[in-house]
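Q:
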Amino acid sequence: MASQSSMEVPFDPSHILLTDKVAIVTGGGAGIGKGIALAFARFGADVVIADKNAEAGEQVADEVSQTGRRGVAITTDVRDFAQVQAMVEASVEQLGKIDILVNNAGGTRMAPFLELGEEGWKRHIDLNFGGLFGPTDAVAKVMIEQGTGGSIINVASIEGTRAAPLFSVYAACKAGMLNFTRTMALELGDHNIRVNAITPDVVDSPHLALFDQHFSYLSGGEEGRRRAVPLSRACSPDEIAGPCVFLASEMGRYITGTTLAIDGGTEASSGWVRDPQNRWTLFPT
Ligand SMILES: NC(=O)c1ccc[n+]([C@@H]2O[C@H](COP(=O)([O-])OP(=O)(O)OC[C@H]3O[C@@H](n4cnc5c(N)ncnc54)[C@H](O)[C@@H]3O)[C@@H](O)[C@H]2O)c1
912 MASQSSMEVP
922 FDPSHILLTD
932 KVAIVTGGGA
942 GIGKGIALAF
952 ARFGADVVIA
962 DKNAEAGEQV
972 ADEVSQTGRR
982 GVAITTDVRD
992 FAQVQAMVEA
1002 SVEQLGKIDI
1012 LVNNAGGTRM
1022 APFLELGEEG
1032 WKRHIDLNFG
1042 GLFGPTDAVA
1052 KVMIEQGTGG
1062 SIINVASIEG
1072 TRAAPLFSVY
1082 AACKAGMLNF
1092 TRTMALELGD
1102 HNIRVNAITP
1112 DVVDSPHLAL
1122 FDQHFSYLSG
1132 GEEGRRRAVP
1142 LSRACSPDEI
1152 AGPCVFLASE
1162 MGRYITGTTL
1172 AIDGGTEASS
1182 GWVRDPQNRW
1192 TLFPT
């Protein structure tokens, strides 16, 4: 439980820092996860990069070390619970504790639901659900034993809050992730473990670049983003990382069970886009 004294300490700029915290970022070897891992390090945390791509993980761990914090790459496929448990044990062994978990590993490929088939939907569920439950289970148990609280941040997607043609199973998993976040906030609240989700929309990452290459009609290109995103552009992984630092820090100590949209305003615009004359319309020509 939050102690009375922590409630009474007025916030000052130091409370945004993550000094000497230990964070695990799944899928931290690229894109959003990499942005979060590096931001956490710049704000004072030691970081475990739990990515299935060993080389990418090592590279980000090196970049973390260059900030002066400890960066550790532990090659992990989040779909494999035994690997996840081993990664969590190794994290505690090497860095002494765990204060923050970011469930970031995830992804999708685009296809109509009827073309996905059993193999396709199982692959999406394995990654986007399997990658969520295993680390949450293993890390929350460590946090409870430590008795010092913690922060879990689940990287969902705006697709979890709206219909998502060509992303059906991915979007269903992300919607499930949002509700799992709320339930975990209740089940873990009396251990002062806070559980929150974020919903990015268009973030420039290797994953998105893949879509850009093959499905530019969907990612919109620069002009499409200018018209559809209230802030007129895609965002960088670092712009996702900033609010994650806030959620993980003492500044966010009374926030749990919530979903933070980091989407440049697209949840708010929900269907409204700018026309070529720069007027908002529901029926673009
Ligand atoms: N990029 C976007 O526009 C966007 C928008 C909304 C939500 N998201 C979500 O953000 C998260 C990160 O997306 P991204 O765009 O940075 O992806 P990315 O593909 O650019 O990077 C993902 C990283 O996760 C790793 N990874 C993949 N499968 C893994 C597994 N089974 N175990 C461990 N590591 C694994 C990859 O090796 C890679 O390093 C995902 O959950 C995605 O659904 C992304």
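If you read the sequence shown in my numbering, its first letter stands for residue 912, the second for the next number, and so on.
Cβ atoms here follow ideal geometry from the backbone N, Cα and C, with glycine treated the same way.
(1) So, helix, strand or coil for L1025, using DSSP?
(2) Just curious, the alpha helix (DSSP H) that I1055 is in, first and last residue?
(3) Would the stretch 1107–1125 count as touching the stretch 1139–1152 if we require 3 or more Cβ pairs under 8 Å?
(4) Considering Cα atoms alone, identify which of P1187, N1189, P1141, L928 is closest to G1175.
(5) Determine the closest residue to I1173 out of F954, C1084, G1153, with distance taken between C-alpha atoms.
(6) Using only the alpha-carbon positions, how far apart do M1054 and N1189 sit?
(7) From this set, R1138, I1166, C1155, Y1081, which residue's C-alpha is nearest V1184's C-alpha?
(8) With a CB to CB cut of under 7 Å and the five nearest residues on each side skipped, what residues in its chain are close to E969?
(9) Quick check: L1027 and N1107, are their CB atoms within less than 8 Å of each other?
(10) Is it buried or exposed for G1007, if we count other Cβ within 10 angstroms and need 16 for buried?
(11) Where M912 and E1134 are concerned, what is the direct C-alpha to C-alpha distance, given to the nearest angstrom?
(12) Taking 7 Å as the cut-off, is the beta-carbon of L1038 closer than that to any non-hydrogen atom of ligand 1?
(13) Would you report the Cα separation of Q994 and W1032, rounded to the nearest angstrom?
(14) Pull the bridge partners of D957 from the DSSP assignment, please.
(15) May I ask whether a heavy atom of ligand 1 can be found less than 7 Å away from the beta carbon of N1189?
(16) My output table needs one value for K1008: the three-state DSSP class, helix, strand or coil.
(17) Does DSSP put A941 in a helix, in a strand, or in coil?
(18) Label V920 either buried or exposed according to how many other C-beta atoms from any shown protein chain fall within 10 Å of its C-beta, with 16 as the threshold for buried.
(19) Taking the alpha-carbon positions, what's the M998 to T986 distance?
(20) Using a Cβ-Cβ cut-off of 6 Å (strictly less than) and excluding sequence neighbours within five positions of A952, which residues of its own chain qualify?
(21) Provide the residue(s) that pair with G1061 in DSSP beta bridges, ordered along the chain.
(22) Output the distance between the C-alpha atoms of S914 and R1093, rounded to the nearest integer angstrom.
(23) Return yes when at least one heavy atom of ligand 1 lies under 7 Å from the C-beta of S976, else no.
(24) How about H1118: is its Cβ closer than 7 Å to a heavy atom in ligand 1?
(25) In whole angstroms, what separates the C-alpha of G1018 from that of D1186?
(26) When the Cα of I1104 is compared with those of P1111, A1096, A934, which residue comes out closest?
(27) Let me check you understand the geometry: is the CB of R1034 closer than 7 Å to at least one non-hydrogen atom of ligand 1?
(28) Any idea what DSSP makes of A1139, helix, strand or coil?
(29) When we look at the beta-carbon of S1079 and count the other beta-carbons within 10 Å, is it buried (16 or more) or exposed?
A: Checking against the coordinates, here is how it stands:
(1) helix
(2) In this chain, the alpha helix (DSSP H) harbouring I1055 covers 1041–1057.
(3) At 8 Å Cβ cutoff, the stretches touch.
(4) For the residues P1187, N1189, P1141, L928, the minimum Cα distance to G1175 belongs to P1141.
(5) G1153
(6) 50 Å
(7) With distances taken between Cα atoms, V1184 lies closest to R1138.
(8) A984
(9) no
(10) Result: exposed.
(11) With a pLDDT of 47 at M912, under the threshold of 50, the predicted position of this residue should be treated as unreliable, though the coordinate-derived value follows. Taking the straight line from one Cα to the other gives about 49 Å.
(12) yes
(13) 22 Å
(14) According to DSSP, D957 bridges with V933.
(15) It does not: the Cβ of N1189 is nowhere closer than 7 Å to a heavy atom of ligand 1.
(16) coil
(17) coil
(18) exposed
(19) 8 Å
(20) V958, V975, T978, R980
(21) I1104
(22) Caution applies to S914, whose pLDDT of 49 falls short of 50 and renders its modelled position unreliable; the value that the coordinates give is listed next. Just so you know, the alpha carbons of S914 and R1093 end up roughly 23 Å apart.
(23) no
(24) yes
(25) Between G1018 and D1186, the C-alpha separation is close to 31 Å.
(26) A1096
(27) no
(28) helix
(29) Classification for S1079: buried.
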